[in-house]
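Novice: Questions regarding the structure given below will be posed in turn.
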Amino acid sequence: MFRFFKDFFIYGVASIMGKLAAILLIPVYTGVLTKEEYGAMALIVSCKGIIDLFSNLNIHSGIIRDYYETEDDRTKLISTGFFSILGFSNFTLLLVLLSTNFFIEKVLGIAEFKSSFILMALSIPAGSLMSYFSILTRFKKKPIQYSIGSFVQLLVQISISLIGVVYLELGIPSIFLGVLMGEIVSIIYFSFLNRSYIDFCFERKYLKRALLFAIPTLPAILAGWIDSSLGQIIVGRFIDLKELGVYSLSLQIASVFTLISAAFQNVWSPYLYENYNKDTFSLEVTRLFSTITTMLLGISIVFSFLAKEFIILLSNDSYVNASLYLPILCIAMSFYMIFPFATSGIVIARNTYYIGLGYLFGSMFNICSMLLLIKYIGVLAAPVSLCISRIISFVFMWNKTSKYLHFKCPISLLVSIVICSLLSFLCNYFSLSFTYRSICCLILLSFVILKLYRNNGGYIRFNMQ
């Protein structure tokens with residue numbers, strides 16, 4: 019468990035840098051860009067999510083699944099994954115470039131932002147390869163080298179974006195150019211670290227095995243995109259870009275949860291594959307599950323009850339309505355954060371189609387609910403539908419995982435997240451003063467700290483004896 023948290027915090031530094039930088043840049047972007055530009059940027063990013071799915075078919079997950087089982091033939095395995103992703107991603111890029119006008123005019127309705135869309139499209143192969151090589155670095159258990167690469171990529175991306183947006187006043191194309199250049203630098207770095215595994219060889223059996231593992235997960239990824247991004251497209255098309263800009267801001271602030279989730283997901287797969295056969299696995303995972311859920315409860319309390327202050331601090335008064343969406347998003351983000359626990363048994367058993375079904379059930383509800391509610395509650399339909407969708411997906415996948423692995427789910431803590439977030443929503447909706455909300459926040463946080471101490475204090479004393 020010590021090793022898990024050691025890697026967790028090292029990977030966390032790399033993840034925190036990127037997410038924290040994105041949050042700290044919010045005042046800059048909201049001060050320079052209009053709400054329409056902010057909304058258009060959100061639409062393009064949302065569209066990129068579905069394009070990325072088809073650009074690599076999640077092949078890297080199938081390759082990585084066999085990483086520890088093919089030590090003697092690892093070069094052929096990794097080279098097969100590399101050339102497969104390179105081919106699929108460039109073919110997807112060609113299709114997107116040929117259909118650019120259709121996407122920006124018919125699908126997104128943002129013809130004036132064509133240059134930004136093209137820059138996004140050019141990052142498709144770069145993003146896929148960067149992701150593949152960075153994952154290989156994680157599985158080689160090189161967290162420090164991984165963090166260095168992430169930092170360099172982030173530095174290049176932010177530098178180009180800020181120069182273009184603030185000094186050259188080129189608008190959102192500068193942001194997508196920064197992303198592209200950062201990914202290219204990252205590919206050079208991570209491919210150099212993994213150069214010993216890349217050769218001019220290709221094994222169809224490894225590609226077939228990877229696809230058999232990865233393809234059943236595609237519905238889950240598609241459903242995940244529907245949950246996270248389709249709502250923004252619907253808001254942009256059915257309401258307007260200004261309201262989308264406000265909602266997108268709340269989503270970006272809620273992404274603070276990924277300060278934990280990115281680090282957690284980086285170490286979870288290697289930890290799971292290496293330890294699931296050990297006798298102490300169930301006990302350790304139960305403790306991890308409870309500890310991480312308690313941390314999520316604390317983060318939810320802070321960001322829900324002080325949502326208005328965070329919005330004003332990071333943007334301006336014109337975005338204050340985002341404080342209504344943030345508490346609901348805290349529930350959705352919390353449940354998404356613990357999806358790796360809910361899918362662990364499914365992955366070990368190689369029944370990955372259950373992951374697809376879980377996401378599919380949730381996303382189907384998300385679409386139906388949002389199309390029904392948006393006429394009555396407006397933009398609020400997006401976070402509400404997303405929240406319920408994530409809960410449905412979690413419950414379904416956890417029910418399947420519990421048949422293969424036996425560790426406890428902290429149900430009381432999950433219920434507490436929902437109750438506290440809904441309570442804070444009411445406080446924001448009825449405009450309770452900062453004093454009242456702060457008092458509620460401090461009282462609830464004291465219980466969270468006590469819970470963390472009880473969970474881990476006893477564990478520390480036990481290991482010292």
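Read left to right, the sequence shown gives residues 19 to 483 (our numbering). Heads up, the beta-carbon is just placed ideally off N, CA and C, and yes, glycines get one too. All values derive from a computational prediction rather than experimental measurement.
On the three-state DSSP scale, how would you describe C405?
Specialist: Here residue 405 refers to the residue found at position 387 when the sequence shown is read from its first residue. In the structure shown, C405 sits in a helix (DSSP, three-state: H, G or I).
Novice: Grab the span of the alpha helix (DSSP H) containing P345 for me, first residue to last.
Specialist: Mapped onto the sequence shown, residue 345 falls at position 327. Run containing P345: 340-355, per the alpha helix (DSSP H) assignment.
Novice: Cβ atoms of L75 and L248: under 9 angstroms apart, would you say?
Specialist: Looking up residue 248 in the sequence shown gives position 230. Looking up residue 75 in the sequence shown gives position 57. Contact: no.
Novice: Suppose you measure from the CA of I206 to the CA of Q163; what does that come to, to the nearest Å?
Specialist: Your numbering for residue 206 matches position 188 in the sequence shown. Your numbering for residue 163 matches position 145 in the sequence shown. If I take the Cα positions, the gap works out to 13 angstroms.
Novice: Since T312 is in the alpha helix (DSSP H), which residue starts that stretch and which ends it?
Specialist: By 1-based counting over the sequence shown, the position of residue 312 is 294. From DSSP, the alpha helix (DSSP H) with T312 extends over 299-323.
Novice: Compute the minimum distance between the beta carbon of V46 and the heavy atoms of the ligand SAM, and state whether it is under 8 angstroms.
Specialist: Of ligands this structure carries none, so the ligand SAM is not represented either.
Novice: Looking only at its own chain, which residues have a Cβ that is under 8 angstroms from the Cβ of S434, when we skip the five neighbours before and after it?
Specialist: Position 416 of the sequence shown holds residue 434. Once the five neighbours on either side are set aside, the close Cβ partners of S434 are L315.
Novice: Mind checking whether C427 and W416 have CB atoms under 9 angstroms apart?
Specialist: For this step, residue 427 is matched to residue 409 along the sequence shown. For this step, residue 416 is matched to residue 398 along the sequence shown. Yes, Cβ-Cβ distance for C427 and W416 is below 9 angstroms.
Novice: Rank S451, N108, F443 by C-alpha distance to the C-alpha of I492 and give the top, closest one.
Specialist: With the chain covering only 19 through 483, there is no way to say anything about residue 492.
Novice: Given a cut-off of 9 angstroms on the beta-carbon distance, is the pair Y372 and F414 in contact?
Specialist: What you label residue 372 is simply residue 354 of the sequence shown in a count that begins at 1. What you label residue 414 is simply residue 396 of the sequence shown in a count that begins at 1. Yes, these two residues count as a Cβ contact at 9 angstroms.
Novice: Excluding the 5 residues flanking F353 on each side, which residues of the same chain have their C-beta closer than 7 angstroms to its C-beta?
Specialist: As a working note, residue 353 is residue 335 in the sequence shown. These residues qualify, in order along the chain: R408, I409, F412.
Novice: Considering just the uninterrupted stretch of the alpha helix (DSSP H) at L440, what are its terminal residues?
Specialist: Stepping through the sequence shown from its first residue, residue 440 is reached at position 422. Unbroken alpha helix (DSSP H) run through L440: 429-447.
Novice: Using the Cα positions of N481 and T298, report the straight-line distance between them to the nearest angstrom.
Specialist: If you number the sequence shown from 1, residue 481 lands on position 463. If you number the sequence shown from 1, residue 298 lands on position 280. Annotation note: pLDDT 42 at N481 (below 50); position unreliable, coordinate value reported separately. About 14 angstroms.
Novice: Can you tell me which of the three DSSP states D70 falls into?
Specialist: What you label residue 70 is simply residue 52 of the sequence shown in a count that begins at 1. D70: helix per DSSP, three-state reduction.
Novice: For S179, does the three-state DSSP call read helix, strand or coil?
Specialist: As a position in the sequence shown, residue 179 is number 161, starting the count at 1. If DSSP states are grouped into helix, strand and coil, S179 belongs with the helices.
Novice: Should R455 be labelled buried (16 or more other beta-carbon atoms within 10 Å of its own) or exposed?
Specialist: Within the sequence shown, residue 455 is the residue found at index 437, counting from 1. R455 is buried by the Cβ-count criterion.
Novice: What are the start and end residues of the alpha helix (DSSP H) that includes G254?
Specialist: Walking along the sequence shown from the start, residue 254 turns up at place 236. Looking at the DSSP string, the run of the alpha helix (DSSP H) that includes G254 is 249-256.
Novice: Can the beta-carbon of Y150 be found closer than 9 angstroms to that of I81?
Specialist: Start at 1 with the first residue of the sequence shown, and residue 150 comes out as number 132. Start at 1 with the first residue of the sequence shown, and residue 81 comes out as number 63. Yes. Within cutoff.
Novice: Output the distance between the C-alpha atoms of F208 and D258, rounded to the nearest integer angstrom.
Specialist: For the purposes of this step, residue 208 is taken as residue 190 along the sequence shown, with counting starting at 1. For the purposes of this step, residue 258 is taken as residue 240 along the sequence shown, with counting starting at 1. The straight-line gap from Cα to Cα measures roughly 40 angstroms.
Novice: Can you give me the C-alpha to C-alpha distance between A40 and F218, rounded to a whole angstrom?
Specialist: Residue mapping note: residue 40 aligns to position 22 of the sequence shown, counting from 1. Residue mapping note: residue 218 aligns to position 200 of the sequence shown, counting from 1. Whole-angstrom Cα-Cα distance: 38 angstroms.
Novice: DSSP three-state call for C65: helix, strand or coil?
Specialist: In the sequence shown, counting from the first residue as 1, residue 65 sits at position 47. The answer is helix: DSSP assigns C65 an H, G or I state.
Novice: When you compare the CB positions of E261 and V397, do they come within less than 9 angstroms of one another, or not?
Specialist: Mapped onto the sequence shown, residue 261 falls at position 243. Mapped onto the sequence shown, residue 397 falls at position 379. For E261 and V397, yes; Cβs fall inside 9 angstroms.
Novice: Only counting runs of 3 or more residues, tell me where the beta strand (DSSP E) segments fall wholly within the segment 201-248, in order along the chain.
Specialist: None, since the segment 201-248 contains no complete beta strand (DSSP E) of that length.
Novice: Here's the rule: buried if 16 or more other CB atoms are within 10 angstroms of the residue's CB, otherwise exposed. What is P45?
Specialist: Locating residue 45 in the sequence shown gives position 27, where the first residue counts as 1. The residue is exposed, with fewer than 16 neighbouring Cβ atoms inside 10 Å.
Novice: What are the complete alpha helix (DSSP H) segments, minimum 4 residues, inside the segment 126-201?
Specialist: Complete alpha helix (DSSP H) runs here, min 4: 132-157, 161-180.
Novice: In chain order, what residues of the same chain lie with their CB nearer than 8 angstroms to the CB of I478, ignoring the 5 residues before and after it?
Specialist: Here the question's residue 478 lines up with position 460 in the sequence shown. Its pLDDT being 38, under 50, I478 is placed unreliably in this model, and the value from its coordinates should be taken loosely. Nothing listed; no residue qualifies.
Novice: Flag this pair as touching only if the segment 138-152 and the segment 111-119 have three or more C-beta atom pairs under 8 angstroms; answer yes or no.
Specialist: Enough Cβ pairs lie closer than 8 angstroms, so yes.
Novice: Between G167 and S152, which are expected to be in contact by the criterion C-beta below 8 angstroms, what is the C-beta distance as a whole number of angstroms?
Specialist: Residue 167 sits at position 149 when you count from the first residue of the sequence shown. Residue 152 sits at position 134 when you count from the first residue of the sequence shown. Contact flag correct, Cβ pair sits at about 7 angstroms.
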